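*Asks:* Protein sequence lines, in the order shown, are assigned to chains A and B. Each residue of the first sequence is one higher than the one before, starting from 1255 at the first, in this note's numbering. Each residue of the second sequence is one higher than the one before, starting from 10 at the first, in this note's numbering. Ideal placement from N, C-alpha and C gives every residue a C-beta, glycine not left out. For clarity, every value in this text was computed on a predicted model and none was experimentally measured. Here it is: the structure, laid out below.
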Amino acid sequence: GNSVTQMEGPVTLSEEAFLTINCTYTATGYPSLFWYVQYPGEGLQLLLKATKADDKGSNKGFEATYRKETTSFHLEKGSVQVSDSAVYFCALRGRGAQKLVFGQGTRLTINP
Amino acid sequence: EAQVTQNPRYLITVTGKKLTVTCSQNMNHEYMSWYRQDPGLGLRQIYYSMNVEVTDKGDVPEGYKVSRKEKRNFPLILESPSPNQTSLYFCASSSLGGLGETQYFGPGTRLLVL
Chain A
1255 GNSVTQMEGP VTLSEEAFLT INCTYTATGY PSLFWYVQYP GEGLQLLLKA
1305 TKADDKGSNK GFEATYRKET TSFHLEKGSV QVSDSAVYFC ALRGRGAQKL
1355 VFGQGTRLTI NP
Chain B
10 EAQVTQNPRY LITVTGKKLT VTCSQNMNHE YMSWYRQDPG LGLRQIYYSM
60 NVEVTDKGDV PEGYKVSRKE KRNFPLILES PSPNQTSLYF CASSSLGGLG
110 ETQYFGPGTR LLVL
């Protein structure tokens, strides 16, 4: 079945550092890929998405590129801020399906 | 404002005492779903509904029930809660659209079963 594997957390960085959170997936066909963010005490919000190979999703300075050859969708940001502290979830949705399959989440803490 | 609401946000109960967590969306979405979030496991789907009166099991349905009598509401029912159902629960909704269709999540319900 479909699955998502995320880099183990927690991740702690200093402000203005470069961020990468790795995400790889296993799926049949061509799934849609998503990054969701969960700020403390809140629900999940869509951060960015990509629906086909080589698509790049971007939002709030974050980017991720759909790489079919490596089955990856790594999240990157060039210069993180304290307000980026949250839990980040990589997820996929199979073609013709509605269900989201989530990775285990990565807790990110940014220190000033 | 487009939103998914859940109630209650926090709940402490005892084993065996029936409870219902409500979920409502104001976006006229066909699809609704319940997830539970546990440390190290991410979110796992409990039940989902493709439209009114159409529901089906997700990956972890044991111990839960749902109903979809109206399009906007999708309550989660725990007939006889047990401590292993202590978790953070999220309701989500989306339209039955294309590849990039976004699911919108409620704020979560934190449940403790003693």
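#1: Going along the chain, which residues of its own chain have a beta-carbon closer than 7 Å to the beta-carbon of tyrosine 1293 of chain A, five neighbours each way excluded?
#2: Just to confirm before moving on: does the CB-CB distance between glutamine 34 of chain B and phenylalanine 99 of chain B stay below 8 Å?
#3: Alpha carbon to alpha carbon, how far is arginine 1349 of chain A from glycine 1283 of chain A?
#4: For a contact defined as C-beta to C-beta under 9 Å, what are the partners of lysine 1353 of chain A on chain B?
#5: Apart from the five residues just before and just after methionine 39 of chain B, which ones in its own chain have a Cβ nearer than 7 Å to its Cβ?
#6: Which residues of chain A have a Cβ atom closer than 9 Å to the Cβ of threonine 111 of chain B, listed in chain order?
#7: Show which residues of chain A have a CB atom less than 7 Å away from the CB atom of leucine 87 of chain B.
#8: What residue range is occupied by the uninterrupted beta strand (DSSP E) comprising aspartate 47 of chain B?
#9: Could you tell me if the beta carbon of tyrosine 1279 of chain A falls within a distance shorter than 7 Å of some heavy atom in the ligand SAM?
#10: Taking C-beta pairs closer than 7 Å, name the residues in chain B that alanine 1359 of chain A reaches, listed in chain order.
#11: Looking at C-alpha atoms only, which residue of B/Val69, B/Val75, B/Arg53 and B/Ile21 is the closest neighbour of isoleucine 86 of chain B?
#12: Looking at chain C, is there any beta carbon in it that lies within less than 8 Å of the beta carbon of phenylalanine 1327 of chain A?
#13: What are the residues that DSSP puts in a beta bridge with arginine 119 of chain B?
#14: Comparing the C-beta of glycine 1315 of chain A with each C-beta of chain B, is any distance below 8 Å?
#15: Once you ignore the five residues that flank glutamate 62 of chain B on each side, which residues in its own chain have a CB closer than 7 Å to its CB?
#16: Taking the alpha carbon of arginine 1361 of chain A as the reference point, which residue from A/Gly1315, A/Ser1257 and A/Tyr1290 has its own alpha carbon closest?
*Replies:* According to the structure shown:
#1: Ala1340
#2: no
#3: 7 Å
#4: Ser42, Gln54, Tyr57, Gly67 and Asp68
#5: Note on residue identity: the sequence assigns glutamate, not methionine, to residue 39 of chain B. Answer for glutamate 39 of chain B: Met59, Asn60, Ser104 and Leu105, listed in chain order.
#6: Phe1288, Leu1300 and Lys1303
#7: Those within 7 Å of leucine 87 of chain B in chain A number zero; the least Cβ separation is about 20 Å.
#8: 40–47
#9: Judged by which ligands are present, the structure shown has none, so any question about the ligand SAM falls away.
#10: The sequence shown places glycine at residue 1359 of chain A, not alanine. Per Cβ cutoff of 7 Å: Gly51.
#11: B/Val75
#12: You won't find chain C in this structure, because its protein chains are A and B.
#13: B/Tyr19 and B/Leu97
#14: no
#15: Arg77
#16: A/Tyr1290
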